[in-house]
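Visitor: So the numbering used here is basically just the index in the first sequence, starting at one, shifted up by 35.
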Amino acid sequence: MIQYDAPTTQEDALQIQTSLANTVIMTDQFNEIDTIAGVDVAYDEDNDQVVGAVVLLDAKTLQVIESCSVVETISFPYIPGLFSFREIPPLINAIKKLSMLPDLIVCDGQGIAHPKRFGMASHLGVLLDIPTIGCGKTKLIGEYETPGACKGSMSDLMHDETIIGKVLRTQKDIKPVFVSVGHKISIETAVQWIEKLTPKYRLPETTRQADQLVNRSLKALKA
DNA sequence: GCGACAG
DNA sequence: ATCTTGTCGC
Numbered sequence: 036m037i038q039y040d041a042p043t044t045q046e047d048a049l050q051i052q053t054s055l056a057n058t059v060i061m062t063d064q065f066n067e068i069d070t071i072a073g074v075d076v077a078y079d080e081d082n083d084q085v086v087g088a089v090v091l092l093d094a095k096t097l098q099v100i101e102s103c104s105v106v107e108t109i110s111f112p113y114i115p116g117l118f119s120f121r122e123i124p125p126l127i128n129a130i131k132k133l134s135m136l137p138d139l140i141v142c143d144g145q146g147i148a149h150p151k152r153f154g155m156a157s158h159l160g161v162l163l164d165i166p167t168i169g170c171g172k173t174k175l176i177g178e179y180e181t182p183g184a185c186k187g188s189m190s191d192l193m194h195d196e197t198i199i200g201k202v203l204r205t206q207k208d209i210k211p212v213f214v215s216v217g218h219k220i221s222i223e224t225a226v227q228w229i230e231k232l233t234p235k236y237r238l239p240e241t242t243r244q245a246d247q248l249v250n251r252s253l254k255a256l257k258a
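What follows is the structure in structure tokens.
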């Protein structure tokens, strides 16, 4: 498993983004997807603590197979565009605790739908060399037409005349999500997986499970 | 100078 | 992210 080298300054972080952004792969580079992981982080700003968690789901049944969480000290401030440097340390450590690595990881945030085409999902995917999808609740950058109201309707997320992701309506009349390539997957396949992961709710089952886990853990920590 | 701004 | 009550609906 890789060792994460945390940047000390914003300049370092920007440098790391620039050098790693070229290594992102936007085509399907995998065989069978049997397990899918969801990751999330929760903060206790008062005590400078962060809880990171990963939930491993069976790709077929969407049932939880295993889950791990970690508690550490917040190491980087929240800066739009440098968001990944804040969340990756706890996420890497939580994933390291799993008994097996996932075949695919769905992130709560953007993949290449980022100013430098290197959002959270891409960063995590490159570091772990695992396929990842970015599925954010709101956009970071880009322009788009509002997708139709039906479940499955989608539109292109554009930036610099390039399609950087899809705005996907996962449920009828519900606010859409922003899907983008993280690493080692095509946007078409990424959208297909997000659709499979949202049979009933707006957000992917992976994200929902991970979100619940970090919030339970944070609550227990503060209690 | 005025908005926008992943979680 | 987090701060927060009630409320509408299955």
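Note that CB positions come from ideal geometry on N, CA and C, so glycine has one too. All values derive from a computational prediction rather than experimental measurement.
Between Val249 and the rest of its own chain, which residues show a CB-CB distance below 8 Å, the 5 nearest in sequence each way excluded?
Guide: Correct list, in chain order: Asp75, Val76, Ala77, Val86, Gly87, Ala88 and Ser104.
Visitor: Output needed for Gly144: all residues of its chain with C-beta closer than 7 Å, excluding positions within five of it in sequence on either side, in chain order.
Guide: So the list reads Phe118, Gly154, Met155, Ala156, Gly169 and Gly171, once near-sequence residues are dropped.
Visitor: Exposed or buried, which one is Thr62 when buried takes at least 16 other CB atoms within 10 Å?
Guide: With fewer than 16 Cβ atoms within 10 Å of its Cβ, Thr62 is classed as exposed.
Visitor: What does DSSP give as the partner residue(s) for Gln84 in the beta ladder?
Guide: Partner(s): Asp79 and Thr108.
Visitor: Less than 9 Å separating the beta-carbons of Ile220 and Leu139?
Guide: Going by C-beta atoms, Ile220 is nearer than 9 Å to Leu139.
Visitor: Along the chain, where does the alpha helix (DSSP H) containing Thr242 start, and where does it finish?
Guide: Note, Thr242: alpha helix (DSSP H), Glu240 to Lys257.
Visitor: Can you tell me whether Thr224 is helix, strand or coil according to DSSP?
Guide: Thr224: helix per DSSP, three-state reduction.
Visitor: Taking the alpha carbon of Gln123 as the point to measure from, which residue in Ser134, Glu107 and Gln244 has its own alpha carbon closest?
Guide: The question names Gln, but residue 123 in the sequence shown is Ile. Considering only alpha carbons, the answer is Glu107.
Visitor: Quick one: what's got a C-beta closer than 6 Å to Leu163's C-beta in the same chain, skipping five residues either side?
Guide: Contacts found: none.
Visitor: Where does Gln244 land, buried or exposed, given buried means 16+ other C-beta within 10 angstroms?
Guide: Buried.
Visitor: Can you tell me the Cα-Cα spacing of Asp79 and Ala255, whole angstroms?
Guide: Cα to Cα, the separation comes out at about 12 Å.
Visitor: Look at the Cβ atom of Pro211, then the Cβ atom of Val141, and state whether they are nearer than 9 Å.
Guide: No, these two residues do not count as a Cβ contact at 9 Å.
Visitor: Could you tell me how far apart the beta carbons of Leu159 and Tyr179 are, in whole angstroms, since I believe they sit closer than 8 Å?
Guide: The pair is not a contact, with the Cβ atoms about 24 Å apart (cut-off 8 Å).
Visitor: Mapping DSSP to helix, strand and coil, what is Lys172?
Guide: In the structure shown, Lys172 sits in coil (DSSP, three-state: anything other than H, G, I, E or B).
Visitor: Are Val202 and Val214 touching if we call contact CB-CB under 9 Å?
Guide: Yes, the pair counts as a contact, with Cβ atoms nearer than the cut-off.
Visitor: Which value, in whole angstroms, describes the spacing of the CA atoms of Leu133 and Ser102?
Guide: Taking the straight line from one Cα to the other gives about 7 Å.
Visitor: Inspect the beta-carbon positions of Gln64 and Pro137 and report whether they are closer than 9 Å.
Guide: Result no, Cβ atoms of Gln64 and Pro137 do not sit closer than 9 Å.
Visitor: Using three-state DSSP, classify Gly160 as helix, strand or coil.
Guide: If DSSP states are grouped into helix, strand and coil, Gly160 belongs with the helices.
Visitor: Between Gln52 and Lys151, is the Cβ-Cβ spacing less than 9 Å?
Guide: Closer than 9 Å, so yes.
Visitor: Check for me: the beta strand (DSSP E) holding Ile199 runs from which residue to which?
Guide: Per DSSP, Ile199 belongs to the beta strand (DSSP E) from Thr197 to Leu203.
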